[in-house]
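To keep things clear, I will list the structure first and then write my remarks on it.
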Amino acid sequence: MISKKFNGEYMVNPNKIVKRDSNDIFIITPELDNDGSAKARNLENFIKTNYRYMYKSMDDNEFPFYDDEEYYLYVEIVYEHKVVGFMAFNIDEKNLFLYNCYIMPEYRGKGLLVKALEVSGERFGKGICLFNPNRKIINAMINSDRVIRINDRIIMTTHSMITVLEPFDRSVNDVSPTFIDLKGKKARSTNVYDLDLCATVCINNKNVIYTGQEDDSSDLCCMNVSREDDNTEYGCVSKRQNDSWINDKSYFEEINSLILEFKENNDDEDILII
Numbered sequence: 154m155i156s157k158k159f160n161g162e163y164m165v166n167p168n169k170i171v172k173r174d175s176n177d178i179f180i181i182t183p184e185l186d187n188d189g190s191a192k193a194r195n196l197e198n199f200i201k202t203n204y205r206y207m208y209k210s211m212d213d214n215e216f217p218f219y220d221d222e223e224y225y226l227y228v229e230i231v232y233e234h235k236v237v238g239f240m241a242f243n244i245d246e247k248n249l250f251l252y253n254c255y256i257m258p259e260y261r262g263k264g265l266l267v268k269a270l271e272v273s274g275e276r277f278g279k280g281i282c283l284f285n286p287n288r289k290i291i292n293a294m295i296n297s298d299r300v301i302r303i304n305d306r307i308i309m310t311t312h313s314m315i316t317v318l319e320p321f322d323r324s325v326n327d328v329s330p331t332f333i334d335l336k337g338k339k340a341r342s343t344n345v346y347d348l349d350l351c352a353t354v355c356i357n358n359k360n361v362i363y364t365g366q367e368d369d370s371s372d373l374c375c376m377n378v379s380r381e382d383d384n385t386e387y388g389c390v391s392k393r394q395n396d397s398w399i400n401d402k403s404y405f406e407e408i409n410s411l412i413l414e415f416k417e418n419n420d421d422e423d424i425l426i427i
């Protein structure tokens, strides 16, 4: 039953599960402004209007929505021709930036996110960057060839992760909303992640930490502020405040040493520290 035409694509009744001929991803054509440029669309309105069954699932699972959360590109995650999730991207000339995603609980654990990211990158001919990823996104990738496990705590991803640059004291003690508007903020790229602390970690060879006072912050050590959802589920702030590496001021040095030792013992691994 066709209920509406969405930006050139016919959408089925949004109260019923949407089906596609494709069986991997389906790209929703971006809306355009009068000048032909892509227009950002509000996440909650987009999901609520077109996938009411998914919106109910997200609401049941306390998925957070924000009034000003808008993205330029939406890609459906399809399993057995059913739309069971989505990815929300912003985009530039070289990369797709994954800001948010959701897969209905009954379809998780099937490698759908990893596959959907790979196909999206191939379709657009762009790299994939993960913007301030939460632990669930990392968990979805943990057993894929996109992750190199340094030890039980530290991993590295072949996808770049983008983190907002914040003074280290705030990274240890504060919580950030799951949606962050980058306007007026500085960001860094890394591929190091601390599973214990749910932290994207930027390192350098000198182990110099960003305090917020430096004029040049382009190559200083930092970590993301704990995401609200990660803190609720994993208690990140308490773990960071009680972490022995952080308390004895050796955190970045310890991670650097672990990665260098791993590289020395695994010559066959192609490791690039961003």
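The numbering used here applies: residue 154 is where the sequence shown begins, and numbers increase by one. C-beta: ideal position from N, C-alpha, C; glycine also.
{"query": "Going by beta carbon distance, what residues of the same chain come within less than 7 angstroms of Ala-193, once the five residues before and after it are set aside?", "result": "Glu-223, Tyr-224, Tyr-225"}
{"query": "Between Leu-266 and Ala-241, is the Cβ-Cβ spacing less than 8 angstroms?", "result": "no"}
{"query": "Would you call Asn-384 buried or exposed, if buried means 16 or more other Cβ atoms sit within 10 Å of its Cβ?", "result": "buried"}
{"query": "Would you give the residue range spanned by the beta strand (DSSP E) that Gly-274 belongs to?", "result": "Per DSSP, Gly-274 belongs to no beta strand (DSSP E); it is in the alpha helix (DSSP H), 265-277."}
{"query": "Please state the DSSP three-state secondary structure of Tyr-208.", "result": "helix"}
{"query": "Could you check which residue in Asn-395, Arg-341, Cys-282, Tyr-260 has the C-alpha nearest to that of Glu-246?", "result": "Cys-282"}
{"query": "Could you check how far apart the C-beta atoms of Thr-316 and Asn-285 are, in whole angstroms? I think they sit under 8 angstroms.", "result": "6 angstroms"}
{"query": "In three-state terms, what does DSSP make of Ile-315?", "result": "strand"}
{"query": "Determine, for Ile-181, whether the minimum Cβ-Cβ distance to residues of chain B falls below 8 angstroms.", "result": "Looking for chain B here will not work: only one protein chain is present."}
{"query": "When DSSP labels each residue in this structure, what does Thr-353 get in the three-state scheme?", "result": "strand"}
{"query": "Looking at the strands, I want to know which residues DSSP matches up with Val-171.", "result": "According to DSSP, Val-171 bridges with nothing at all."}
{"query": "Tell me, which residues are paired with Met-309 by DSSP?", "result": "Ile-301, Val-345"}
{"query": "If I follow the unbroken alpha helix (DSSP H) through Asn-243, where does it start and stop?", "result": "Per DSSP, Asn-243 belongs to no alpha helix (DSSP H); it is in the beta strand (DSSP E), 235-244."}
{"query": "Over the uninterrupted beta strand (DSSP E) stretch that includes Tyr-252, give me the two end residues.", "result": "248-256"}
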